[in-house]
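Residue numbering for the sequence shown follows numbering that gives the first Met the number 0, starting at 0 and increasing by one per position.
Virtual Cβ for every residue (Gly too), placed ideally from N, Cα, C.
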Amino acid sequence: MSITGFNNRVARVDLSSGKVEYEKLNKDDVRKYVGARGLGVKYVLDNGPEVEPFSPDNLLCFMTGPLSGTEV
């Protein structure tokens, strides 16, 4: 099954070092956490609730949904 609307990957950008890493989206996560809001919440919760608000370890997520860039 092809997943459309996504680029099938996540870019992780370390703003402190400028390092960029790409990782493939997990197909099970895409099905379980439908859309950008669900995936965004999953990534934030996986980062850990104990991260301080202004810590460099905290996440800033920009997520696009599966219908982004389509004619729907």
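Just so you know, the alpha carbons of Pro55 and Lys41 end up roughly 19 Å apart. In the structure shown, Val50 adopts coil according to DSSP, grouped into three states.
In the displayed model, Val19 falls within a strand according to three-state DSSP. Between the C-alpha atoms of Val71 and Gly34 there is a straight-line separation of about 14 Å. In summary, Leu38 is buried, with 16 or more beta-carbon neighbours lying within 10 Å of its beta-carbon over all protein chains present. Taking 8 Å as the cut-off, the beta carbon of Arg11 is found closer than this to the beta carbon of Glu22. Boundaries cannot be given for Val71, as no alpha helix (DSSP H) includes it and DSSP labels it neither H nor E.
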